[in-house]
Structures are given as C-alpha cells and as structure tokens.
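Asker: To start, I am sharing the structure in question, which I have written as structure tokens.
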Amino acid sequence: MLGSDSSHTDAYCELTNLGKSNISRNANVEILWGENFNETKEKAKKYNIKSVSKNLEDINFENIDLVMVVGRFGNSHFEPAKLAIENKIPTFIDKPFTNNLLEAIDLAESAKKNNSKLISFSPLRFADEIILLRKNYVKNLRPLNLIVTSPLITKTVPGEGTKSIYFYSIHAVDICLSLIKSKPESLIARRINDAVMADLVFENGSSTSLNLTYNQKEIYHVISFEDGFVNSINIDPYGKYYANTLDYLLNYFHKGDKEEFNIDQAIDSIAIIDAIERSLDQSKKVGFN
1 MLGSDSSHTD
11 AYCELTNLGK
21 SNISRNANVE
31 ILWGENFNET
41 KEKAKKYNIK
51 SVSKNLEDIN
61 FENIDLVMVV
71 GRFGNSHFEP
81 AKLAIENKIP
91 TFIDKPFTNN
101 LLEAIDLAES
111 AKKNNSKLIS
121 FSPLRFADEI
131 ILLRKNYVKN
141 LRPLNLIVTS
151 PLITKTVPGE
161 GTKSIYFYSI
171 HAVDICLSLI
181 KSKPESLIAR
191 RINDAVMADL
201 VFENGSSTSL
211 NLTYNQKEIY
221 HVISFEDGFV
231 NSINIDPYGK
241 YYANTLDYLL
251 NYFHKGDKEE
261 FNIDQAIDSI
271 AIIDAIERSL
281 DQSKKVGFN
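Residues 1 to 289 (the working numbering) make up the sequence shown, in order.
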C-alpha cells in the first residue's frame, strides 16, 4: 500500500489486517510506504503491517499481487503509481486518479506499454445504493438523465488539499460514469450561490447535472429520471463501500475477471473535472478531445 496519510489507508487496512472482515483471511497489506516516515511507521504498527519502506525506490515488489496507491491527495499519486506500473503489478489508484489530465494519460499509456493492469475510481462507485442502480441500468442500456450532488469543499475536513476541485468532485463524476456507459461530449459549468453547477452531455444522449456544493455537509445524492419515474437515493456515509471495493479488486480486477469498466473511464473522470475548470474560466460550453 503506497500512501499512509489518508483515512482510506485506515479503512482498507482495518479490513485486511485486523480481522474485522472475511477479507483478512485472503489478503493482507504486507508493505506500507508514505511520504511521512514516522506517520507510516505508526500506522504499520497499528495495523500489523510487516514491512515499512522509507524510500519508494527500495520497495521489493516480489510476491506482491496488488498495489493500492492511496495517498490522500491526487497530486501525490503519479510517482508511486508509475513505479508500480513499471514493475508490472496490477495497480489501483484511489480517488482522485490524479489532479492533472496529462498525468492521468501518462499513467494509462505507461500501463499499456508495460502490459500492466491499472484502474482508478472512487470507492462510492461500489456503494450498495449505486451497485443496485447500476444493475438495473445495465440491463436496460438506454440513455439516462441524472442529477448528482456531492461536496466541492466542506467545512468539516481541514487541509489545503481538500480545497482542490478534484478532491471531492471526483465522487460525483465517478458515480455518474459508473451509471452512464458513454463518453462525455460537452459540458458547461457556472457558479450559482454556494455551488458549482455543471451540465454534462454524453455521446449516447445521456445527460447529468453535477451539483457541487460549497461548505455544506458531506452528502452524496443521486436523482435519476427514467420512463416517467423519479428515483432518488442518498449514499450511506457509513456503508460498506470500502469492503465492496476490496472485493472487486481482490476477486476480479487482479485476476482479470469481471471487467465492469476500464482505465478510459478513469481518464474521463479527470477530463470532466478539467472541463469544469475550463468552462468556469472561459464562461462557455467546452468539449472533449
């Protein structure tokens, strides 16, 4: 596990190394690296992790089945992810994939060049509520109209990095992409009161309105419109999406089975947030390459 400064590090290590789930019978975090060595040692001790690496370049990837890059902020993901990819280890990058579209493309191209498996997504993609919606929509395969609400910035989580548009917005974008199986076509964003509203159109005719709120509680809400009916869900903030994520990574992704999505969607997620920034800066609709 590369990255020790995130609450997600704790969430995943509790499941794999402390016997708090069946997952610990089949998988354990064996190596932990983080930018703050003292913090990393403390977490390794807390979660019974055997090896702590002070330097990225000293990590021995032999007998490692999966790398999880879980640094708290997207601007810390590129270097450790690139190292894992070049060692040809299946690699999961926690949200956000990166804070930079060019870095996201670089990692995807490196994975292709090295024939290394790579995926990145928000754990909310595997919230029970979203899994249920996805099962229904995949069967129907028709254009969808969604409204997805998530924070842009909250009052509850401190840190300069949390003010990045990528930190929270990636949840809304990834939820959207997990339900709409299409490429983004155009987007227009605007600031309205205490929110950024982004209207997104997809190549298959689907559409999404992303409602990204300032200084509100950390809520994740999805409204879908289908055949004259309205479905509305709130994602349980204490749900089992971390366990569901690990189940997917351990039982399907690293084995090459059940490819529900690919790295192109991870690139699209960063491209959408990049487009939001461009649209706000230019005050107009923008497209995608």
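We put the beta carbon where it would ideally sit given N, CA and C, even for glycine. For clarity, every value in this text was computed on a predicted model and none was experimentally measured.
CB Pro-151 to CB Thr-213, shorter than 8 Å?
Answerer: Cβ atoms of Pro-151 and Thr-213: closer than 8 Å.
Asker: Using the C-alpha atoms, what's the distance from Ser-224 back to Glu-129?
Answerer: Those two C-alpha atoms are separated by around 13 Å.
Asker: Rounding to the nearest angstrom, what Cα-Cα distance links His-221 and Gly-74 in this structure?
Answerer: Computed Cα separation, rounded: 23 Å.
Asker: For Leu-101 and Ala-81, I'd like the C-alpha separation in whole angstroms.
Answerer: Approximately 15 Å between the Cα atoms of the pair.
Asker: Does DSSP put Glu-226 in a helix, in a strand, or in coil?
Answerer: Correct three-state label for Glu-226: strand.
Asker: My understanding is that Leu-118 touches Ile-85, with C-beta atoms under 8 Å, so please give their C-beta distance in whole angstroms.
Answerer: Confirmed, about 6 Å.
Asker: For the beta strand (DSSP E) that Ser-283 lies in, which residues bound it at each end?
Answerer: That residue, Ser-283, is in no beta strand (DSSP E); it is neither H nor E in DSSP.
Asker: Rounded to whole angstroms, what is the Cα-Cα separation between Asn-36 and Glu-160?
Answerer: Approximately 17 Å, taken between the alpha carbons.
Asker: Report the rounded CA-to-CA distance for Arg-278 versus Val-286, giving the unit in angstroms.
Answerer: Going from the Cα of Arg-278 to the Cα of Val-286 covers about 7 Å.
Asker: When you compare the CB positions of Arg-134 and Leu-179, do they come within less than 8 Å of one another, or not?
Answerer: It is a contact, given that the beta carbons lie within the stated cut-off.
Asker: Quick check on DSSP: helix, strand or coil for Thr-208?
Answerer: The answer is strand: DSSP assigns Thr-208 an E or B state.
Asker: Please state whether DSSP places Pro-96 in a helix, a strand or coil.
Answerer: Residue state, collapsed to three classes: coil.
Asker: Taking only runs that begin and end inside the region 235–278, name each unbroken beta strand (DSSP E) of 3 or more residues, in chain order.
Answerer: Qualifying beta strand (DSSP E) stretches: none in this window.
Asker: Quick check: what's the CA-CA separation for Ile-188 versus Val-196?
Answerer: When rounded, the distance between both Cα atoms is 10 Å.
Asker: Under the DSSP definition of a beta bridge, which residues are partnered with His-77?
Answerer: BP columns for His-77 are empty, so no partner.
Asker: Classify Phe-229: buried if its beta carbon has 16 or more other beta carbons within 10 angstroms, exposed otherwise.
Answerer: Burial call: exposed.
Asker: Excluding the five sequence neighbours on either side, which residues of its own chain have a C-beta within less than 7 Å of the C-beta of Asn-55, listed in chain order?
Answerer: Within the same chain, Asn-55 has no close Cβ partners at all.
Asker: Mind the definition here: the region 239–253 touches the region 166–179 only if three or more C-beta pairs lie below 8 Å; say whether that holds.
Answerer: Judged by Cβ distances under 8 Å, the region 239–253 makes no contact with the region 166–179, as fewer than three pairs qualify.
Asker: Relative to the alpha-carbon of Lys-46, which residue among Ser-186, Asn-17 and Asn-114 has its alpha-carbon at the smallest distance?
Answerer: If we check each option's Cα against that of Lys-46, Asn-17 comes out closest.
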